[in-house]
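The end of the sequence shown is residue 547 by my numbering, with every number in the run present.
First comes the structure, then the notes that go with it.
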Amino acid sequence: MTAAEHGDLEVVRLLLEAGADKNAAGEFFGGTALRAAATRGHLEVVRLLLRAGADKNAATTDREKALMGAAEHGHLDVVRLLLEAGADGATALINAAFNGQLEAVRLLLEAGAAKNAANTNGETALMAAAEHDHLEVVRLLLKAGADKNAATTDGETALMRAAHNGHLEVVRLLLEAGAGKNAANTNGETALIGAAKHGHLIVARLLLQAGADKNAAATDGETALILAAAEDVTVFTLADLNGPLETAQFRQS
295 MTAAEHGDLE
305 VVRLLLEAGA
315 DKNAAGEFFG
325 GTALRAAATR
335 GHLEVVRLLL
345 RAGADKNAAT
355 TDREKALMGA
365 AEHGHLDVVR
375 LLLEAGADGA
385 TALINAAFNG
395 QLEAVRLLLE
405 AGAAKNAANT
415 NGETALMAAA
425 EHDHLEVVRL
435 LLKAGADKNA
445 ATTDGETALM
455 RAAHNGHLEV
465 VRLLLEAGAG
475 KNAANTNGET
485 ALIGAAKHGH
495 LIVARLLLQA
505 GADKNAAATD
515 GETALILAAA
525 EDVTVFTLAD
535 LNGPLETAQF
545 RQS
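Below you can see the structure in the form of structure tokens.
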């Protein structure tokens with residue numbers, strides 16, 4: 295496995311010829327030589343292991359597979375090779391989106407990866423891209439028909455994640471695509487409440503201008519205005535929220 299991880303093609307070849315177990319799993323996380331080589335982008339080692347019959351869909355103890363590692367790090371040739379070998383690309387799309395690997399996302403979508411596939415927490419590729427401000431990945435996924443209102447097991451949507459983190463252009467794009475502006479998570483928090491809670495004034499204004507409910511309350515009764523006023527650093531008034539985006543000003547408490 296060490297040889298595969300470091301891209302030592304001839305050592306890998308020698309070990310395979312000597313009868314080494316091509317699907318042996320590592321002691322700690324259960325990763326295989328194929329997973330290690332794919333994650334590091336060692337194309338020829340991956341090719342050799344596949345020809346030797348390595349399990350292309352073997353997973354680590356945390357369910358990570360070779361294609362997921364390659365996609366997450368943008369190793370396009372390895373992604374392409376694994377797809378051609380029949381590797382499962384569903385959750386690899388989430389990995390690629392999480393890291394903003396636009397071309398890997400494109401390649402996986404073209405190969406038929408399920409655009410709304412979710413991990414065990416219900417997170418989709420669109421949510422991952424939105425949370426980490428990967429605007430072009432969000433645009434590509436929306437164009438491909440990703441569900442803009444899909445929610446995690448906690449009720450979080452892509453719009454909520456973008457708003458909570460202050461990603462203005464991602465929020466704008468999702469609103470333009472028709473994302474539900476008043477959807478709430480299991481704590482009753484909406485995108486507006488999240489934006490206000492974290493002091494993202496311009497995002498809050500954009501949501502209000504899009505028609506977000508300014509009086510929506512979380513399960514504990516707190517509204518966007520209450521949460522904003524409770525912040526130690528930033529306080530803004532309802533008048534601030536309704537002002538023009540380009541003149542947004544923060545007022546120190």
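Built from N, CA and C at the ideal position, the CB exists for glycine as well.
Going along the chain, which residues of its own chain have a beta-carbon closer than 6 Å to the beta-carbon of Asn393, five neighbours each way excluded?
Once the five neighbours on either side are set aside, the close Cβ partners of Asn393 are Glu366.
Span of the alpha helix (DSSP H) holding Glu311?
Secondary structure note for Glu311: its alpha helix (DSSP H) is the uninterrupted segment 303 to 311.
Pick from Thr447, Arg329, Val372, Leu403: whose alpha carbon is nearest that of Ala352?
Answer by Cα proximity: Arg329.
Looking at Leu387 and Lys409, is the spacing between their C-beta atoms short of 8 Å?
Closer than 8 Å, so yes.
Uninterrupted alpha helix (DSSP H) stretches inside the stretch 446 to 516 (no shorter than 4 residues)
Taking only runs of at least 4 residues, the alpha helix (DSSP H) segments lying wholly in the stretch 446 to 516 are 452 to 458, 462 to 470, 485 to 491, 495 to 503.
Three-state class that DSSP yields for Asp526 in the structure shown:
At Asp526, the pLDDT of 46 sits below 50, so the modelled position is not reliable; the number obtained from the coordinates is stated separately. It is coil, neither helix nor strand.
Distance check for Ala419 and Ile496, CA to CA, integer angstroms please.
About 25 Å.
Buried versus exposed call for Gly488 [16 or more other C-beta atoms within 10 Å across all chains shown]:
With 16 or more other Cβ atoms within 10 Å, it is buried.
Three-pair Cβ contact test at 8 Å for the stretch 460 to 470 versus the stretch 492 to 506:
Cβ pair count under 8 Å is three or more, so yes.
Can you tell me where the alpha helix (DSSP H) with Asn389 in it begins and where it stops?
That run of the alpha helix (DSSP H) goes 386 to 392.
Per-residue DSSP class, three states only, for Ala364
Here Ala364 sits in helix by DSSP.
Grouping DSSP H, G and I as helix and E and B as strand, with all else coil, what is Ala407?
Coil at Ala407, not helix or strand.
Can you give the Cα-Cα distance for Glu378 and Ala510, rounded to whole angstroms?
Each residue's alpha carbon lies about 49 Å from the other.
Gly313 burial status per 10 Å Cβ neighbour count (16 or more: buried):
Gly313 comes out exposed.
Do you know how far the Cα of Leu337 is from the Cα of Asp371?
Roughly 7 Å separates the two Cα atoms.
In the DSSP assignment, find the alpha helix (DSSP H) that holds Arg433 and state where it starts and stops.
Note, Arg433: alpha helix (DSSP H), 429 to 437.
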